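J.:
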Amino acid sequence: MIHQGAYLARAGDCMACHSATGRKPYAGGLAIESGLGTIYSTNITPGARHGIGQYTEAQFANALRKGVRADGTNLYPAMPYPSYAKLTDADVHALYVYFMKGVAAVDDPAPVTRLSFPFNQRWGMALWNWAFSSDQPFIAPANANAEVQRGAYLVEGLGHCGSCHTPRGVAMNEKAFDGGDVRYLSGGSLNGWSVPALRGIAKWSRADIVDYLQMGRNSKASVAGEMTSVVYNSTSHLSDADLNAIAAYLQSLGGDAVVASAQAASSDTAAHLTAAKNLTLGERLYLDNCSACHFVHGGGAPRVFPRLDGASVVNASSPDALLHVILAGAKTPSTAKAPSVLPMPGFAARLNDDEVAALATFVRGGWTNRAAAVDAGEVRKVRAALAAK
Numbered sequence: 053m054i055h056q057g058a059y060l061a062r063a064g065d066c067m068a069c070h071s072a073t074g075r076k077p078y079a080g081g082l083a084i085e086s087g088l089g090t091i092y093s094t095n096i097t098p099g100a101r102h103g104i105g106q107y108t109e110a111q112f113a114n115a116l117r118k119g120v121r122a123d124g125t126n127l128y129p130a131m132p133y134p135s136y137a138k139l140t141d142a143d144v145h146a147l148y149v150y151f152m153k154g155v156a157a158v159d160d161p162a163p164v165t166r167l168s169f170p171f172n173q174r175w176g177m178a179l180w181n182w183a184f185s186s187d188q189p190f191i192a193p194a195n196a197n198a199e200v201q202r203g204a205y206l207v208e209g210l211g212h213c214g215s216c217h218t219p220r221g222v223a224m225n226e227k228a229f230d231g232g233d234v235r236y237l238s239g240g241s242l243n244g245w246s247v248p249a250l251r252g253i254a255k256w257s258r259a260d261i262v263d264y265l266q267m268g269r270n271s272k273a274s275v276a277g278e279m280t281s282v283v284y285n286s287t288s289h290l291s292d293a294d295l296n297a298i299a300a301y302l303q304s305l306g307g308d309a310v311v312a313s314a315q316a317a318s319s320d321t322a323a324h325l326t327a328a329k330n331l332t333l334g335e336r337l338y339l340d341n342c343s344a345c346h347f348v349h350g351g352g353a354p355r356v357f358p359r360l361d362g363a364s365v366v367n368a369s370s371p372d373a374l375l376h377v378i379l380a381g382a383k384t385p386s387t388a389k390a391p392s393v394l395p396m397p398g399f400a401a402r403l404n405d406d407e408v409a410a411l412a413t414f415v416r417g418g419w420t421n422r423a424a425a426v427d428a429g430e431v432r433k434v435r436a437a438l439a440a441k
């Protein structure tokens, strides 16, 4: 039972939010930037005073599914309790046994969340829950086979993928909670990053999805931003069967937010870069800083350097995620199936705002990419956000 609960905790990505640098696993203290202010994750070890060691199983279930602590106060929805409401009783029990008997107790208090008025009035969360949340149990997709049903349970429930990949309303509420609503997994925004849609993923094969979740990279892309932590702490620990179930479910969803392009890959950009004549500023910067890894064809190297031609991060309506990567760099997580860490350096110190804008504009318009140009003001905003962290 402890082993099962440990696996479920990985699937639920509990480690990522309830662990912080310099603190023990699950002892909380991670600063989570929300639209309301900074929320600190709580200690969920079985510590008797500062952890959840005094929780009954019913109180544990209420915290998971309803966002209500043992003392009756409401949790903030940084805790994905609308998704965890879908967990079965058996899985809640296994998680309870694991956290009470399989996790080392730590009785150090986590930092206290102190939001400004009126967000510091936790009783108001009861009204928010009534208006915007969901406590509905899991309902399997109609006419789906067992594999797709399992994938739906993992994505909609334990994995709480909708927390990031579903758009939010003015009250920071998820607009949908299951695949029956076309808004679910249709893309969103998180901490200045555009988050891609997951419905259908027409350009990716099942193997592409499994590789991405298992290794943080595939033949088309590599993880960056918050997804790096998700792969490292959660999806890379899942079984092949569960990863395939997730892929099957995602591919079963219709209504891709971005339709796969039927346009054949153009060699015009590659030929122009190879000739190296009459280059724009963006093209020169690409040759000097990017082409050694991503090559003149923009295709990168499968499972090593991500492709830029056709990449979702490049073609997103907002360039912010691409600008984050250019300025701050990125690195792949070390996983069991792909232990090597592949870093990309950041160029914040090397390139000024105008140069980053020119480089991003070239990448977003080169090869078969047809995204809008980037201006220096957009770069300046992302640079300031990075400096504030």
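Just remember that the working numbering sits 52 ahead of the position in the sequence shown, which is counted from 1. Ideal Cβ positions, reconstructed from N, Cα and C, are used throughout, including at glycine. Since this is a predicted model, take the numbers as computed values, not measurements.
1. Quick test of the definition: if touching needs 3 or more C-beta pairs under 8 angstroms, does the segment 62 to 81 touch the segment 186 to 203?
2. In its own chain, which residues sit with a C-beta less than 6 angstroms from the C-beta of G7, not counting the 5 before and 5 after it?
3. How long is the line joining the alpha carbons of R359 and G176, rounded to whole angstroms?
4. Just the Cα atoms here: how many angstroms apart are R75 and V155?
5. Based on Cα-Cα distance, which residue from A276, A328, A183 and A162 lies nearest to W245?
6. Cβ of L116 within 8 angstroms of Cβ of Y133?
7. Alpha carbons only, please: which of S186, A423 and R416 is nearest the one belonging to G119?
8. In whole angstroms, what separates the C-alpha of R166 from that of D260?
9. From the DSSP output, read off the bridge partner residues of R269.
10. By the three-class DSSP mapping on this structure, what secondary structure does K383 have?
11. In angstroms, rounded to a whole number, what distance separates the CA positions of R432 and V348?
12. Among residues of its own chain, excluding the 5 on either side of S291, which ones have a beta-carbon nearer than 6 angstroms to its beta-carbon?
13. So the alpha helix (DSSP H) L179 belongs to, where does it begin and stop?
14. If contacts are defined as beta-carbon pairs under 8 angstroms, then A100 and D159 qualify, I think. What distance do you get, rounded to the angstrom?
15. Which residue comes first and which comes last in the alpha helix (DSSP H) that contains A409?
16. G240 to T218, Cα distance in whole Å?
17. Roughly how many whole angstroms lie between the Cα atoms of P248 and N421?
18. Based on Cα-Cα distance, which residue from I298, R269 and S271 lies nearest to R251?
19. DSSP puts W245 in a beta bridge; with which residues?
20. Going by alpha carbons, who is nearest to R258 out of G334, N243, L295 and L242?
21. Which residues bound the alpha helix (DSSP H) around E109?
22. Residues in its own chain within less than 6 angstroms of A373 by CB, not counting five upstream and five downstream?
T.: This is what the structure holds:
1. Because the criterion of three Cβ pairs below 8 angstroms is not met, the segment 62 to 81 and the segment 186 to 203 do not touch.
2. Lying before the first or after the last residue shown, residue 7 is absent from the chain, which here runs from 53 to 441.
3. 46 angstroms
4. 14 angstroms
5. A276
6. yes
7. S186
8. 42 angstroms
9. Beta-bridge annotation (DSSP): R269 is paired with S274.
10. Residue state, collapsed to three classes: strand.
11. 27 angstroms
12. none
13. G176 to F184
14. 7 angstroms
15. D405 to G417
16. 5 angstroms
17. 16 angstroms
18. I298
19. L242
20. Among G334, N243, L295 and L242, the Cα nearest to that of R258 belongs to L295.
21. Here the alpha helix (DSSP H) through E109 covers E109 to K118.
22. W245, S246 and V365
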